[in-house]
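One structure is given here, and the rest of the page talks about it.
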Amino acid sequence: DVKNLSIHFTQYTKGLHKRILPVIHHLDLDINRQEIMAVLGSSGSGKSLLAHAILGILPENSTVNGTIAYKGEQLTEEKKLLLRGKEIRFIPQSVTYLDPLMKIGKQVQLSISDKKEAQRLQEDIFSQYLLQPEVAELYPFELSGGMTRRVLIASAVIGDSTLIIADEPTPGLDKEALTEVLQCFTDLREKGKSILMITHDIEAAMDIADRIAIFYAGITIEIANKADFHGDGKQLRHPYTKALWRALPENGFHPIQGNQPSPLDGTTGCPFHPRCPFAKDLCREQLPEFQTAGNGKVRCHYYEELQENNNDFKN
Ligand code: SF4
Ligand code: MG
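Quick note, the sequence shown lines up with residues 6 to 320 if you use full-length UniProt numbering.
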């Protein structure tokens, strides 16, 4: 349960001038047991930093404010260290997390201390993830893209875990590998695990997530149910989420004008106001509250009005 999380980095320039770089402003997110929560946002929206904050692996020059609770208990840095790699697992974005000089079998076993048990669990997980036993003897460079992904997932879910955080698990996969990876996640949910899937792939999110949180410029702007993304899109509340929906091929491929501001730009008010066709003066001045709306949450001053009047985009 992440509440009002903000992160800034402190940098010292050549003349030892201190610079504060705010990268995340107001992130809110919660995830339930046996749920797939997708975090959707374009690059620079703060998705990976959220994962690193939960895991306690942010760089030293970062400062975190706000709260992160797990099973009702506040997560301190010490607690994160105890949970990381055990109850809370991470599937990293980059395949470079694999050690190029270590055989796959050994890498997958790393988080299990008992050697015999590790071997047994590894064989077990290999068969679950359709990895041939011979793969254990290979090195990372010998794997295909889809296989590498499955190895990363297998390393993350071997043994007991409760919460799995996957950072961009789908880019660069062909259709078959993508289907396999998404199936892995739904299987994990079946087994009672919670999955936080960070992605910019709206279709993958719509495919398997129970709920979808939308990040924009380091701020959570909406949490919606998967069902709200299917159908006519009218249940979506935030204009940016609606714009994402309208950009899907099946919904007309409408481009979203403009660019997401950097969290460093110091945009005041609603971060979407420079691009929002419904922006008014208040939007430029005041950041909307993150309010409960129906079965979701939204951060827009005028969402009710927009929904009632069915205030559709013009193009
Ligand atoms: Fe648009 Fe204003 Fe809502 Fe922001 S708060 S999304 S600018 S209407
Ligand atoms: Mg990222």
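The beta-carbon is built from N, C-alpha and C at its ideal position, and this holds for glycine as well.
Does at least one heavy atom of the ligand GDP sit under 7 angstroms from the Cβ of S53? Absence of the ligand GDP is noted for the structure shown, with the ligand SF4 and the ligand MG being the only ligands found.
Does DSSP classify S67 as helix, strand or coil? strand
Can you give me the Cβ contacts of K8 inside the same chain, cut-off strictly under 7 angstroms, excluding the 5 residues immediately before and after it? D33, G71, T72
Would C281 and P293 be called neighbours here (beta carbons separated by less than 8 angstroms)? no
Between V44 and I203, is the Cβ-Cβ spacing less than 8 angstroms? yes
Residue closest to L183, alpha-carbon to alpha-carbon, out of I163, Q137, A210: A210
Could you give the distance in angstroms between the alpha-carbon of E255 and the alpha-carbon of I219? 20 angstroms
Under 7 angstroms from any heavy atom of the ligand SF4, does the C-beta of C189 make it? no
C-alpha distance - E313 paired with P244, whole-angstrom precision: 13 angstroms
Between the CA atoms of L126 and K120 - distance to the nearest angstrom: 10 angstroms
Straight-line gap, G223 to E195 (C-alpha atoms, nearest Å): 31 angstroms
Unbroken beta strand (DSSP E) run spanning P244, endpoints: Unbroken run through P244 is the alpha helix (DSSP H), 244–251; no beta strand (DSSP E).
V100 and I163 - do their beta-carbons sit closer together than 8 angstroms? no
With DSSP as the reference, please indicate the residues paired to E227 in a beta bridge. I219, V303
Beta strand (DSSP E) containing D172: first to last residue? 168–172
Contact criterion: CB-CB distance below 8 angstroms. Does K85 meet it with respect to chain C? As a matter of chain content, chain C is missing from the structure shown, which is built from one protein chain.
Can we count A284 as close to the ligand SF4, meaning its CB is less than 7 angstroms from some heavy atom? yes
Quick check: A141 and F95, are their CB atoms within less than 8 angstroms of each other? no
With H30 as the anchor, note down where its beta strand (DSSP E) starts and where it stops. 23–34
Taking the Cβ atom as the reference point for each residue, do P145 and P105 lie within a distance shorter than 8 angstroms? yes
Same chain, Cβ closer than 8 angstroms to G90, five either side skipped, listed in chain order: S116
Taking 7 angstroms as the limit between beta carbons, can you name the residues of its chain near G49, skipping five residues before and five after? Q265, S267
Sorry if obvious, but does the Cβ on P244 come closer than 7 angstroms to a heavy atom of the ligand SF4? yes
Straight-line Cα distance separating A252 from V186: 24 angstroms
Just tell me which of H30, E65, T246, E122 has its CA closest to the CA of L55. H30
D286: which of Y307, I228, D317 sits nearest, CA to CA? Y307
Thinking R242 and C189 are a contact (beta carbons under 8 angstroms), I'd like their distance in whole angstroms, please. That pair is no contact at about 31 angstroms.
Which one or two residues does DSSP pair with A43 in a beta bridge? M202, I217
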